[in-house]
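Just so we're aligned: the sequence shown equals residues 363 to 482 in the working numbering.
C-beta atoms are modelled at their ideal positions from N, C-alpha and C, and glycine is treated no differently.
The structure under discussion appears below in the form of structure tokens.
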Amino acid sequence: MAEKPLSVDSYIASFPANVRLILENIRTTIRQALPPSEEVISYGIPTFQVQGKSLMSYAGWKSHVSVYPLPDVAGQTEKNLAPHRSGKGTAKFMLTEPIPYDLIGTLAELLAAQRQPASP
């Protein structure tokens, strides 16, 4: 992608059809997992913001898609995430393998819960 996208729709539209479908499914999965949020382009990629603060981003690449940052995880969620970890804060999902949308949804839910401000 040479030009910076002006919207999430234009970002997704810049990819081949097979990747567009995956990015739309990731978009829907994250949207359903988060509390009311706003979609913006931040640092050139789609980002969900909650109360004006960036919470989770996703991006398409030549051979994979990624979501970031990652929440703290343990147990079965850590086991499910382990093969997809690419550094401390990134999950990378290869386009040649099934995308674990349920895992992405779980990560979004955990991240939202972990970043929720403490009640007074």
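Since Thr468 is in the alpha helix (DSSP H), which residue starts that stretch and which ends it? Tyr463 to Arg477
Within 10 angstroms of its Cβ, does Ala364 collect 16 or more other Cβ (buried), or is it exposed? Because the pLDDT at Ala364 is just 48, under 50, the model does not fix this residue reliably, and the point stays unresolved.
What does the alpha-carbon distance come out to for the pair Asp434 and Lys366? 31 Å
Just reading off the beta strand (DSSP E) that Lys441 is part of, what are its end residues? Note, Lys441: premise wrong, no beta strand (DSSP E); alpha helix (DSSP H) at Gly437 to Leu443.
On the premise that Ala474 lies in contact with Pro397, defined as a C-beta separation below 8 Å, what is that separation, rounded to the nearest angstrom? 6 Å
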